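Novice: Numbering (the numbering used here), first residue to last: 382 to 701. Dropping the structure in here first, questions after.
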């Protein structure tokens with residue numbers, strides 16, 4: 382297609398966008414931003430479960446539902462036919478298998494090439510093992526897929542594949558799910574994040590979706606680049622202090638769990654999470670808050686996000 386020129390001059394009112402992981406948190410945030418902001422897109426959601434409640438809701442909102450499986454190349458090509466831009470996220474935590482994750486990501490990339498997709502935005506990561514020496518399938522798989530995309534985008538192959546790699550910080554919403562506060566005594570809750578006193582980049586998932594919207598609609602300056610986004614940087618103690626201030630009659634504490642203790646927990650994926658948090662502590666590649674605000678000027682710092690989500694916190698605290 383020779384897509385570089387068409388990306389610069391394309392009519393975004395006619396842009397066809399395919400979103401992987403559309404029924405999940407991140408893909409869902411991307412779709413919400415595409416549907417609610419600015420021009421009208423032809424948005425297609427890729428899912429293995431088209432009859433799920435989440436897929437049905439997307440269909441009611443005007444999203445085209447495409448049934449496809451990352452293990453099935455032909456289904457991917459059918460889903461991507463006629464597509465201008467793809468937002469790709471893979472799902473390591475569903476199977477905890479690095480090799481499977483890499484294979485699925487490569488299948489999606491190959492389908493993009495076969496369908497002459499102009500722009501792929503991939504939710505990637507750095508190879509943490511090169512930094513910490515610790516295995517982390519979640520980060521290593523995404524790093525391997527990034528390397529494959531770069532290989533496929535090299536000149537002289539008879540096609541042009543443009544990419545943007547998006548590196549995410551810790552998501553605020555994790556505190557409402559996987560890392561929700563745990564009751565330690567009446568009205569006192571612990572944030573069990575293995576970060577010691579190290580601060581961590583963080584951001585709201587909805588703001589991630591709005592940043593992706595900008596990359597999709599103004600791609601030229603983000604092509605073939607790695608974008609690291611962040612809205613705030615906090616220690617776990619600072620998070621606990623903000624929660625205590627914002628949520629009345631509740632106190633939040635920081636138990637200072639070490640990563641080496643965390644990796645010995647018995648639930649599946651504990652060692653991956655421990656390695657991920659260790660990488661977060663030592664990585665020199667932090668999020669670019671200035672660039673993030675350029676992508677979306679109203680990103681929420683943690684205290685504003687907590688204020689806006691008090692009811693959600695109160696609901697999950699009732700479950701403890």
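The beta carbon of each residue, even a glycine, is placed where N, CA and C say it ideally should be. Source: prediction; values computed, not measured.
For residue 614, which of helix, strand or coil comes out of DSSP?
Specialist: Sequence index remark: in the chain shown, residue 614 carries index 233 (1-based). Of the three classes helix, strand and coil, the one that applies to residue 614 here is strand, per DSSP.
Novice: Kindly identify the DSSP beta-bridge partner or partners of residue 570.
Specialist: By 1-based counting over the chain shown, the position of residue 570 is 189. In the DSSP output, where bridge partners are listed per residue, residue 570 has 564, 633.
Novice: Sort out for me which residues DSSP pairs residue 673 with in a bridge.
Specialist: Numbered from its first residue, the chain shown carries residue 673 at position 292. BP columns for residue 673 are empty, so no partner.
Novice: Provide the residue(s) that pair with residue 700 in DSSP beta bridges, ordered along the chain.
Specialist: For this step, residue 700 is matched to residue 319 along the chain shown. The partner list for residue 700 (beta bridge, DSSP) is empty, contrary to what the question assumes.
Novice: If residue 406 sits next to residue 520, beta carbons under 8 Å apart, how far is it from one beta carbon to the other, in whole angstroms?
Specialist: Position 25 of the chain shown, counted from the start, is the residue given in the question as residue 406. Position 139 of the chain shown, counted from the start, is the residue given in the question as residue 520. Contact doesn't hold; Cβ gap of about 18 Å is too wide.
Novice: Quick check on the DSSP output: the beta strand (DSSP E) that includes residue 397 runs from which residue to which?
Specialist: As a working note, residue 397 is residue 16 in the chain shown. From DSSP, the beta strand (DSSP E) with residue 397 extends over 397-401.
Novice: Is the beta carbon of residue 498 less than 8 Å from the beta carbon of residue 457?
Specialist: Within the chain shown, numbered from 1, the residue matching residue 498 stands at position 117. Within the chain shown, numbered from 1, the residue matching residue 457 stands at position 76. For residue 498 and residue 457, no; Cβs fall outside 8 Å.
Novice: Between the C-alpha atoms of residue 385 and residue 609, what's the straight-line distance to the nearest angstrom?
Specialist: Position 4 of the chain shown holds residue 385. Position 228 of the chain shown holds residue 609. Because the pLDDT of residue 385 is 38, which lies under 50, any placement of that residue in the model is unreliable, and the number read from its coordinates should be weighed accordingly. One C-alpha to the other measures close to 23 Å.
Novice: Please determine, among 631, 612, 665, the residue with the shortest C-alpha to C-alpha distance to residue 696.
Specialist: Along the chain shown, one-based indexing puts residue 696 at 315. If we check each option's Cα against that of residue 696, 631 comes out closest.
Novice: Compute the Euclidean distance between the alpha carbons of residue 526 and residue 566, then round it to the nearest angstrom.
Specialist: Mapped onto the chain shown, residue 526 falls at position 145. Mapped onto the chain shown, residue 566 falls at position 185. Approximately 44 Å, taken between the alpha carbons.
Novice: Under 6 Å Cβ to Cβ from residue 392, same chain only, skipping five residues before and after it: list those, please.
Specialist: Taking the first residue of the chain shown as 1, we reach residue 392 at position 11. For residue 392, the predicted model reports a pLDDT of 47, less than 50, meaning its position is unreliable and no value from the coordinates is stated.
Novice: Please tell me whether residue 473 and residue 403 are closer than 8 Å, where the distance is taken between their beta carbons.
Specialist: Position 92 of the chain shown, counted from the first residue, corresponds to residue 473. Position 22 of the chain shown, counted from the first residue, corresponds to residue 403. No, they are not a contact pair.
Novice: If we ignore side chains and look at the alpha-carbon of each, how far apart do residue 673 and residue 604 end up?
Specialist: Taking the first residue of the chain shown as position 1, residue 673 is located at position 292. Taking the first residue of the chain shown as position 1, residue 604 is located at position 223. For residue 673 and residue 604, the distance between alpha carbons rounds to 16 Å.
Novice: Around the Cβ of residue 692, are there at least 16 other Cβ atoms within 10 angstroms (buried) or fewer (exposed)?
Specialist: Here the question's residue 692 lines up with position 311 in the chain shown. Its Cβ having fewer than 16 others within 10 Å, residue 692 is exposed.
Novice: Which residue marks the beginning of the beta strand (DSSP E) containing residue 546, and which one marks its end?
Specialist: As a working note, residue 546 is residue 165 in the chain shown. Per DSSP, residue 546 belongs to the beta strand (DSSP E) from 543-548.
Novice: Does the segment 669-684 touch the segment 535-543, meaning 3 or more C-beta pairs lie closer than 8 Å?
Specialist: Verdict: no, contact absent.
Novice: Quick test of your reading: residue 558 and residue 584, contact by CB under 8 Å. State the CB separation rounded to the nearest angstrom.
Specialist: The residue given as residue 558 occupies position 177 in the chain shown. The residue given as residue 584 occupies position 203 in the chain shown. So it is not a contact: roughly 15 Å between Cβ atoms.
Novice: Which residues mark the beginning and the end of the beta strand (DSSP E) in which residue 484 is found?
Specialist: Taking the chain shown and counting its residues from 1, one reaches residue 484 at position 103. It is not in any beta strand (DSSP E) - residue 484 instead sits in the alpha helix (DSSP H) that spans 479-495.
Novice: If you measure between the beta carbons of residue 568 and residue 616, is that distance less than 8 Å?
Specialist: To locate residue 568, count along the chain shown from 1; it is residue 187. To locate residue 616, count along the chain shown from 1; it is residue 235. Going by C-beta atoms, residue 568 is not nearer than 8 Å to residue 616.
Novice: In three-state terms, what does DSSP make of residue 626?
Specialist: For the purposes of this step, residue 626 is taken as the residue at position 245 of the chain shown. In the structure shown, residue 626 sits in a helix (DSSP, three-state: H, G or I).
Novice: Note down, in chain order, each residue of its chain lying with its Cβ closer than 7 Å to the Cβ of residue 564, except the 5 sequence neighbours on either side.
Specialist: The residue you call residue 564 lines up with position 183 of the chain shown. Here the set comprises 570, 701.
Novice: With DSSP run on the structure shown, which of helix, strand or coil describes residue 556?
Specialist: Translated into positions along the chain shown, residue 556 becomes position 175. Three-state DSSP puts residue 556 in a helix.
Novice: Are at least three pairs of beta-carbons, each pair with one atom in the segment 639-653 and one in the segment 580-599, less than 8 Å apart?
Specialist: At 8 Å Cβ cutoff, the stretches do not touch.
Novice: Quick one: using the 10 Å Cβ neighbour count with 16 as the cut-off for buried, is residue 524 buried or exposed?
Specialist: Walking along the chain shown from the start, residue 524 turns up at place 143. So residue 524 ends up on the buried side.
Novice: By the three-class DSSP mapping on this structure, what secondary structure does residue 597 have?
Specialist: Translated into the one-based positions of the chain shown, residue 597 becomes position 216. Helix at residue 597.
Novice: Counting along the chain, where does the beta strand (DSSP E) carrying residue 426 start and finish?
Specialist: To locate residue 426, count along the chain shown from 1; it is residue 45. Residues 423-428.
Novice: I want to know whether the segment 437-447 touches the segment 477-491 - three or more CB-CB distances under 8 Å.
Specialist: Cβ pair count under 8 Å is below three, so no.
Novice: Sorted by chain position, which residues of the same chain lie with C-beta nearer than 8 Å to residue 548's C-beta, five sequence neighbours on each side aside?
Specialist: In the chain shown, counting from the first residue as 1, residue 548 sits at position 167. Closer than 8 Å at Cβ, skipping near neighbours: 505, 506, 507, 607, 608, 609, 610, 666, 668.
Novice: Residue 684 and residue 623 look like a contact to me (Cβ under 8 Å); what is the Cβ gap, rounded to whole Å?
Specialist: Here residue 684 refers to the residue found at position 303 when the chain shown is read from its first residue. Here residue 623 refers to the residue found at position 242 when the chain shown is read from its first residue. Confirmed, about 5 Å.
Novice: Return the residue from the list 689, 601, 515, 573 that minimises the CA-CA distance to residue 544.
Specialist: Residue mapping note: residue 544 aligns to position 163 of the chain shown, counting from 1. Nearest option by C-alpha distance: 601.
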